[in-house]
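Encoded as structure tokens, the structure appears first; notes follow it.
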């Protein structure tokens, strides 16, 4: 897999995680999704992609306000 393809797939996975968090009513599951998203966030960082210091800064407003 090419590096840009890998980065695009990780970014797409983060988008799905954030959508799942926004619709989640179970706090324990939401925390697990946040943890998984953090790992994807740091994977992008390790690949040299520009990301915020904290992954939640990149969340849509609806997800951030929880």
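Numbering (our numbering), first residue to last: 10 to 75.
Ideal Cβ positions, reconstructed from N, Cα and C, are used throughout, including at glycine.
Checklist entry - Going by the C-beta, is residue 58 closer than 7 Å to any heavy atom of the ligand FMN? => result This structure lacks the ligand FMN; in fact it carries no ligand of any kind.
Checklist entry - If you run the structure through DSSP and keep just helix, strand and coil, what is residue 63? => result Looking up residue 63 in the chain shown gives position 54. In the structure shown, residue 63 sits in coil (DSSP, three-state: anything other than H, G, I, E or B).
Item to check | C-alpha distance - residue 46 paired with residue 63, whole-angstrom precision | outcome: Locating residue 46 in the chain shown gives position 37, counting from the first residue. Locating residue 63 in the chain shown gives position 54, counting from the first residue. Taking the straight line from one Cα to the other gives about 11 Å.
Item to check | Alpha-carbon to alpha-carbon, residue 13 and residue 60 | outcome: The residue given as residue 60 occupies position 51 in the chain shown. The residue given as residue 13 occupies position 4 in the chain shown. Between the alpha carbons of residue 60 and residue 13 lies a distance of about 15 Å.
Checklist entry - Start and end of the alpha helix (DSSP H) containing residue 36? => result Residue 36 sits at position 27 when you count from the first residue of the chain shown. Start and end: 36-55.
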